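In our numbering, the protein residues as written are 85 to 571. Beta carbons are placed, not taken as given, at the ideal position from N, Cα and C, and that holds for glycine. If you're wondering where the values come from, they're calculated on a predicted model, not measured in any experiment.
Rendered as structure tokens:
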């Protein structure tokens, strides 16, 4: 059922009910006004005939029948259109329209009352008659025939109005609702042909002048935009999943083949000498650790590619650095690791990602930043600058050649003697890009070793539109500032 039809039916049913309710109130008001007018008329007649009624009672009490007859005629002549009844000691005179003699009058001797005689009702006014010689009661009556006639007329007109109001108000409401819903029907026709799965066409931003329709159109545009965004994110997630499997298969092939070869040696040569057997088992442990590290790094890359803006919040970078340094000291108790962090440095970021960034910078410094005697001396600095926060990690190792400083952030880039996954510094670059920051590598402060420097903006970051650190596609990385050539 159309909205205009619903509105027409609702108005067509509601308006007659309102008319009847107003008519009921009108009947009560009219009845009260008629009673007030009738009571005023009775009061005026009572005032006019009261002298004759007193004179009638005095003549009757004095035993003068002729005078009493004269006073009675004068009384009824003065009453005009009302009925009169005079009740006193030993006297009861009545004339004009009034209830039958068998109808008992109320005992009250003053005020207005309603007296019923069969199917008729009378409005009556009782006035006490008091004088030094006599006492009695004057009753003045008026039939309510005229009042009932007027009330019935009003009642019929109210019912007629209610009957006519039902179709007329329903048709009028239907017409108005049809006209008002025209922009809504136009919007329906425009959106009926939109299929976000097959077309990129969207609603134009046109104002109709109807606030509700404009708000609905804006909501539809928002929903379609969110659908497009989620569809894009779903596509990226599928690309990430495909690339994850391809990258994992590519990188896991060599260690798995090496482990298979070592297992074949242990199986085919059960009497292998102990030194050789120990070497094979050590090689197996190294390959196992490499596989485990590779899987962990790939998982972290996937988390960074799929993180949403809701996961970001205010992070105390000094606390994160302190926790990362404490963990690095636990892993490498022989290393000299120092932290210089200004307290209260807060950035708006993803805390697990920032911790991952620091952990990998420290892990890289401990693995590749040792001097010629194998000692590790690492200095971590966290300080604030104009509009950004700076993180530095310095080591005393051989440093990074200028020609390799850009490539070390690429996926699976490992040095000739590295046993890592080749993804640690890629994770650092990914997290810096997620926070709209940058990471660079250069020489140490005194020209020895390497310095990794990360700059993060102090304000709230906006996630890159495309995050593809795990996708193995040439030229796919257009959202980051770090090149990633296919391995």
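Decide yes or no for the touch test of the region 100 to 115 against the region 191 to 201: beta carbon pairs closer than 8 Å, at least 3 of them.
-> At 8 Å Cβ cutoff, the stretches do not touch.
Beta-carbon spacing of residue 108, residue 171 below 8 Å | The count along the chain shown starts at 1 and reaches residue 108 at position 24. The count along the chain shown starts at 1 and reaches residue 171 at position 87. Not closer than 8 Å, so no.
Buried versus exposed, by CB contacts within 10 Å (16 or more), residue 221 = Counted from its first residue, the chain shown places residue 221 at position 137. Under the 10 Å beta carbon count, residue 221 is surrounded by 16 or more other beta carbons and is classified as buried.
Buried or exposed: where does residue 363 fall if 16 or more other Cβ atoms within 10 Å of its Cβ makes it buried?
-> One-based indexing of the chain shown puts residue 363 at position 279. For residue 363, the number of other beta carbons within 10 angstroms of its own is below 16, and it is reported as exposed.
Spatially closest choice to residue 134 from 168, 153, 519 and 262, by CA coordinates | What you label residue 134 is simply residue 50 of the chain shown in a count that begins at 1. Of the listed residues, the one whose Cα sits closest to residue 134 is 168.
Say whether chain E places a C-beta atom closer than 8 Å to the C-beta of residue 228.
-> The chain labelled as chain E is not found in the depicted structure, where only one protein chain is given.
If you run the structure through DSSP and keep just helix, strand and coil, what is residue 494?
-> Reading the chain shown from its first residue, position 410 is the one you call residue 494. Here residue 494 sits in coil by DSSP.
Indicate, with yes or no, if the ligand SAM has a heavy atom lying under 7 Å from the CB of residue 383.
-> Absent from the structure shown: the ligand SAM. Ligands present: none.
Looking at residue 346 and residue 368, is the spacing between their C-beta atoms short of 8 Å?
-> Sequence index remark: in the chain shown, residue 368 carries index 284 (1-based). Sequence index remark: in the chain shown, residue 346 carries index 262 (1-based). Residue 346 is positioned such that its CB atom lies closer than 8 Å to that of residue 368.
Could you check which residue in 189, 467 and 166 has the C-alpha nearest to that of residue 176?
-> Position 92 of the chain shown, counted from the first residue, corresponds to residue 176. Closest in alpha carbon position to residue 176, among 189, 467 and 166, is 189.
With a threshold of 16 other CB atoms inside 10 Å of the CB of residue 236, please say whether the residue is buried or exposed.
-> Numbered from its first residue, the chain shown carries residue 236 at position 152. That one is exposed.
Simplified DSSP assignment, three categories, for residue 541 = By 1-based counting over the chain shown, the position of residue 541 is 457. In the structure shown, residue 541 adopts extended strand secondary structure according to DSSP, grouped into three states.
Given residue 443, which residues of its chain have a CB within under 8 Å of its CB, disregarding the five upstream and five downstream residues?
-> Counting from 1 along the chain shown, the entry for residue 443 is found at position 359. Only 408, 411 and 412 meet the Cβ criterion.
For the alpha helix (DSSP H) holding residue 160, just list the boundary residues, first then last.
-> Residue numbering aside, residue 160 sits at position 76 when the chain shown is read from its first letter. For residue 160, the uninterrupted alpha helix (DSSP H) run begins and ends at 149 to 163, by DSSP.
Beta-ladder partner(s) of residue 422, from DSSP = Within the chain shown, residue 422 is the residue found at index 338, counting from 1. In DSSP, residue 422 forms a bridge with 463.
For residue 268 versus residue 242, is the C-beta distance shorter than 8 Å?
-> What you label residue 268 is simply residue 184 of the chain shown in a count that begins at 1. What you label residue 242 is simply residue 158 of the chain shown in a count that begins at 1. Taking C-beta atoms as the reference points, residue 268 and residue 242 fail to come closer than 8 Å.
Determine, using beta carbons only, whether residue 136 and residue 162 come nearer to each other than 8 Å.
-> The residue labelled residue 136 in the question sits at position 52 within the chain shown. The residue labelled residue 162 in the question sits at position 78 within the chain shown. Yes, they are a contact pair.
How about residue 126 and residue 166: are their beta carbons less than 8 Å apart?
-> Within the chain shown, residue 126 is the residue found at index 42, counting from 1. Within the chain shown, residue 166 is the residue found at index 82, counting from 1. Taking a C-beta distance under 8 Å as the contact criterion, residue 126 and residue 166 qualify as a contact pair.
Which of helix, strand or coil does DSSP assign to residue 217?
-> Position 133 of the chain shown holds residue 217. Reduced to three states, the DSSP call for residue 217 is coil.
Looking at the structure shown, is residue 437 part of a helix, part of a strand, or coil, going by DSSP?
-> Locating residue 437 in the chain shown gives position 353, counting from the first residue. Here residue 437 carries a helix assignment [DSSP, helix/strand/coil].
Pairwise C-alpha distance: residue 490 and residue 484 = Within the chain shown, numbered from 1, the residue matching residue 484 stands at position 400. Within the chain shown, numbered from 1, the residue matching residue 490 stands at position 406. Rounded to whole angstroms, residue 484 and residue 490 show a C-alpha spacing of 10 Å.
Closest by CA to residue 181, which one among 93, 227 and 423?
-> Taking the first residue of the chain shown as position 1, residue 181 is located at position 97. Nearest in C-alpha terms to residue 181, of all of 93, 227 and 423, is 227.
Would you call residue 457 buried or exposed, if buried means 16 or more other Cβ atoms sit within 10 Å of its Cβ?
-> Counting from one through the chain shown, the residue named residue 457 turns up at place 373. Exposed, by the Cβ-count rule.
Contact between the region 250 to 267 and the region 87 to 104: three or more CB pairs below 8 Å?
-> At 8 Å Cβ cutoff, the stretches touch.
Coil, strand or helix - residue 572 by DSSP | Coverage of the chain is limited to positions 85 through 571, which leaves residue 572 absent and any answer about it impossible.
Whole-angstrom Cβ separation of residue 521 and residue 539, contact assumed at under 8 Å?
-> The residue given as residue 521 occupies position 437 in the chain shown. The residue given as residue 539 occupies position 455 in the chain shown. About 5 Å separates the two Cβ atoms, so the contact holds.
Check each candidate in 365, 402 and 432 and name the one with the smallest Cα separation from residue 395.
-> In the chain shown, counting from the first residue as 1, residue 395 sits at position 311. Nearest option by C-alpha distance: 432.
Whose C-beta lies closer than 8 Å to the C-beta of residue 508 among residues of the same chain, with five residues either side of it excluded?
-> Locating residue 508 in the chain shown gives position 424, counting from the first residue. If we look at residue 508 and ignore the five residues flanking it on each side, its Cβ neighbours are 381, 444, 447 and 448.
Going along the chain, which residues of its own chain have a beta-carbon closer than 6 Å to the beta-carbon of residue 179, five neighbours each way excluded?
-> Position 95 of the chain shown, counting from 1, holds the residue named residue 179. Annotation for residue 179: 160 and 168 place their beta carbon closer than 6 Å to its own, counting only its chain and skipping 5 residues before and after.
So which of 423, 439 and 480 has the shortest CA-CA distance to residue 450?
-> Mapped onto the chain shown, residue 450 falls at position 366. Of the listed residues, the one whose Cα sits closest to residue 450 is 480.
Among the residues of its own chain, which have a CB less than 6 Å from the CB of residue 455, if the five just before and after it don't count?
-> As a first step, residue 455 is located in the chain shown; it is residue number 371 there, counting from the start. 480.
Residue 534 - partner residues in DSSP beta bridges | Position 450 of the chain shown, counting from 1, holds the residue named residue 534. According to DSSP, which records beta bridges pairwise, residue 534 is partnered with 527.
Status (buried if at least 16 other CB within 10 Å, exposed otherwise) for residue 549 = Walking along the chain shown from the start, residue 549 turns up at place 465. With a pLDDT of 49 at residue 549, under the threshold of 50, the modelled position of that residue is not reliable, and the figure given next carries that caveat. Its Cβ having fewer than 16 others within 10 Å, residue 549 is exposed.
Residue 452: buried (16+ other C-beta within 10 angstroms of its C-beta) or exposed?
-> Start at 1 with the first residue of the chain shown, and residue 452 comes out as number 368. Residue 452 should be labelled buried.
Near residue 199, what residues of its chain come up, given a Cβ to Cβ distance below 6 Å and the 5 sequence neighbours on each side ignored?
-> Taking the first residue of the chain shown as position 1, residue 199 is located at position 115. Within the same chain, 183, 206 and 208 come within 6 Å of residue 199 by CB-CB distance, once the 5 residues on both sides are set aside.
Could you say which of 438, 417 and 419 lies nearest to residue 403 if we only look at CA atoms?
-> As a first step, residue 403 must be located in the chain shown, where it is residue number 319. The shortest Cα separation from residue 403 among 438, 417 and 419 belongs to 438.
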